[in-house]
Amino acid sequence: MSQADLTMQGHSAALVAGRPFSMPTKKLAMWLFIIADTMTFAACLVAYGFLRVGTPDWPRPFHSITNAAVMTFILLTSSLTMMFGVQSAKSGDKAGAFRWTMITAALGIVFALLHIREWLALIDEGMTLFKNPWGTGLFGASFFSITGLHLTHVTCGVIALIAVGLRYKGGRYNADDLEIMGLYWHFVDLVWMFVVPLVYLMNLTH
Amino acid sequence: MAVTEQHKDNATGKYLIVYVCLLALAGIQFVIAYQNIDAGQMFVRMLIVALVEALLAVLIFMHLWAESRGFVIFVAVFTIFVLLAMQYGWTDSFRMERGGAPYSNYSK
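Residue numbers (the numbering used here), protein chains in the order written: chain F, 1 to 206; chain D, 1001 to 1108.
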């Protein structure tokens, strides 16, 4: 073996030996994606706040908090069921992990349906992206943008949950993959915790 | 096996407690919404509650507390820095309060 071969082997070994933050690459990639997506939502919410503060005739059209409360309860419960799924997977209970993952996906679907129902009710009252009967048209643009972006994340999350759940059940994915999927789902829930007070509760009709 | 079962039960209990705390914090936000306070105060109170909720979710549900210290510092410092950097435009927003934001079609 030549000196060059020895040097190259040492260099290759050093490359694979140290993982950034001692974390599997897949998990780090998901965390980096979550941080980046957090910035996207933060920018949307700051822009919404900027417009709201700078517009005196900002409408406050939400008469009831029931729908927002139910949606919040469903999403928080789905985070818990996801935790149970990951916990079952880590302890080797494959059937339990799949069951909890599918329950989480079902709760996500219910959330999405409630959200669409709320949108249809607002559209029925005359609200569009550009105008509404209560005040500035910017309200519709910001409301549908922020909630629409979140709904897109929920929808993609549901599809991913079903796909990952089925592949986990089939043996193609393992408990770590389910945990990584769980990180995304908790992030979606986390964003909702900021959307509800800033977009819904601050715009209640008093 | 008995130790694993007990560990699983402890973790389940912890998750349930955090879940109930998150529900309670969400309930507090709904209570704040009906308080007779000005919008600025309402926003600050709701944001504080939301940040506590986020902290619980990130540390416990997303297991950030179990990751390496370097990673926790990376997430915290980078995220907080960028979030703070977004806040420079608020004085502009307060200035627009009188005339309305662009495209708001606000007329006095």
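Cβ coordinates follow ideal geometry from the N, Cα and C atoms, glycine included.
Problem - Proximity test, Cβ basis, 7 Å: G64 of chain F and chain D - result: Here the question's residue 64 of chain F lines up with position 64 in the first sequence. Position check: residue 64 of chain F holds Ser in this sequence, whereas Gly was assumed. By this cut-off, S64 of chain F is not an interface position.
Exercise for the section: Tell me L138 of chain F's beta-bridge partners as DSSP assigns them. Expected result: Along the first sequence, read from residue 1 onward, the residue named residue 138 of chain F stands at position 138. Beta-bridge pairing by DSSP links L138 of chain F to no other residue.
Practice task
Starting from the N-terminal side, write out each stretch of the alpha helix (DSSP H) that is 4 residues or longer and does not extend beyond the region 65–149 of chain F.
Solution key: The DSSP assignment places complete alpha helix (DSSP H) segments of no fewer than 4 residues inside the region 65–149 of chain F at 66–90, 94–124, in order along the chain.
Exercise for the section: Per DSSP, which residues does L204 of chain F bridge with? Please list them. Expected result: Reading the first sequence from its first residue, position 204 is the one you call residue 204 of chain F. Paired residue(s): F:F62.
Practice task
Grab me the residues of V154 of chain F's own chain with a C-beta within less than 7 Å of its C-beta, minus the 5 sequence neighbours each way, in chain order.
Solution key: Here the question's residue 154 of chain F lines up with position 154 in the first sequence. Around V154 of chain F: G108, F111, A112, V188.
Practice task
Select from F:N203, F:A68, F:A97 the residue whose C-alpha is nearest the C-alpha of M82 of chain F.
Solution key: Mapped onto the first sequence, residue 82 of chain F falls at position 82. Of F:N203, F:A68, F:A97, the residue nearest in Cα terms is F:A97.
Problem - A14 of chain F, DSSP secondary structure in three states - result: Locating residue 14 of chain F in the first sequence gives position 14, counting from the first residue. Because the pLDDT at A14 of chain F is just 47, under 50, the model does not fix this residue reliably, and the value given afterwards should be weighed accordingly. Here A14 of chain F sits in helix by DSSP.
Practice task
Please compile the residues from chain D whose C-beta is within a distance smaller than 9 Å of the C-beta of D37 of chain F.
Solution key: Taking the first residue of the first sequence as position 1, residue 37 of chain F is located at position 37. Against chain D, the beta carbon of D37 of chain F has no neighbour under 9 Å; the closest one sits roughly 11 Å away.
Problem - Spatially closest choice to L151 of chain F from F:G170, F:W119, F:M23, by CA coordinates - result: Residue mapping note: residue 151 of chain F aligns to position 151 of the first sequence, counting from 1. Selected option, being the one with the closest Cα: F:W119.
Exercise for the section: Give the straight-line distance between the Cα atoms of V1075 of chain D and T38 of chain F, rounded to the nearest whole angstrom. Expected result: Working through the second sequence from its first residue, we reach residue 1075 of chain D at position 75. Working through the first sequence from its first residue, we reach residue 38 of chain F at position 38. The C-alpha of T38 of chain F is placed about 11 Å away from the C-alpha of V1075 of chain D.
Practice task
Would you verify that the beta carbon of Y1088 of chain D is, or is not, closer than 7 Å to some beta carbon of chain F?
Solution key: By one-based count along the second sequence, residue 1088 of chain D stands at place 88. Answer no: the Cβ-Cβ gap between Y1088 of chain D and chain F never drops below 7 Å.
Practice task
Could you tell me which of F:R19, F:I74, F:P61 sits nearest to L190 of chain F, measuring between CA atoms?
Solution key: For the purposes of this step, residue 190 of chain F is taken as residue 190 along the first sequence, with counting starting at 1. The shortest Cα separation from L190 of chain F among F:R19, F:I74, F:P61 belongs to F:I74.
Practice task
Compare the C-beta of M1001 of chain D with all C-beta atoms of chain F and state if any pair is closer than 7 Å.
Solution key: To locate residue 1001 of chain D, count along the second sequence from 1; it is residue 1. Per-residue confidence for M1001 of chain D stands at a pLDDT of 49, beneath the threshold of 50, marking its modelled position as unreliable; no derived number is given.
Handout entry: Under the three-state DSSP convention, the category H153 of chain F falls into
Key = Position 153 of the first sequence holds residue 153 of chain F. Here H153 of chain F sits in helix by DSSP.
Handout entry: Any chain F beta carbon closer than 7 Å to A1024 of chain D
Key = By one-based count along the second sequence, residue 1024 of chain D stands at place 24. Cβ-Cβ to chain F under 7 Å: no for A1024 of chain D.
Exercise for the section: Report the three-state DSSP secondary structure of I1060 of chain D (helix, strand or coil). Expected result: By one-based count along the second sequence, residue 1060 of chain D stands at place 60. Of the three classes helix, strand and coil, the one that applies to I1060 of chain D here is helix, per DSSP.
Exercise for the section: Starting from the Cα of S22 of chain F, find the closest Cα among D:S1093, D:R1069, D:Y1015 and give me that residue. Expected result: Translated into the one-based positions of the first sequence, residue 22 of chain F becomes position 22. Ranked by Cα distance from S22 of chain F, the options D:S1093, D:R1069, D:Y1015 are led by D:R1069.
Problem - Three-state class that DSSP yields for D177 of chain F in the structure shown - result: Position 177 of the first sequence holds residue 177 of chain F. D177 of chain F: helix per DSSP, three-state reduction.
Exercise for the section: Assess, as a yes-or-no matter, whether the region 62–77 of chain F is touched by the region 163–180 of chain F under the definition of 3 or more beta carbon pairs within less than 8 Å. Expected result: They do not touch, by the three-pair rule.
Exercise for the section: Classify T128 of chain F as buried or exposed, calling it buried when 16 or more other Cβ atoms lie within 10 Å of its own Cβ. Expected result: As a working mapping, residue 128 of chain F is identified with position 128 in the first sequence. Flag for T128 of chain F reads exposed.
Handout entry: Segment limits, alpha helix (DSSP H) that includes V199 of chain F
Key = As a working note, residue 199 of chain F is residue 199 in the first sequence. Membership of V199 of chain F in any alpha helix (DSSP H) is not indicated, and neither H nor E is assigned to it by DSSP.
Handout entry: chain D contact residues for V46 of chain F, given Cβ-Cβ distances below 9 Å
Key = Here the question's residue 46 of chain F lines up with position 46 in the first sequence. Within chain D, the C-beta atoms nearer than 9 Å to that of V46 of chain F come from L1083, M1086, Q1087, G1089, W1090, in chain order.
Exercise for the section: Helix, strand or coil for Q1087 of chain D, going by three-state DSSP, please let me know. Expected result: Against the second sequence, residue 1087 of chain D aligns to sequence position 87. Reduced to three states, the DSSP call for Q1087 of chain D is helix.
Problem - A42 of chain F at chain D interface by Cβ criterion, 7 Å - result: Along the first sequence, one-based indexing puts residue 42 of chain F at 42. It does; some Cβ of chain D falls within 7 Å.
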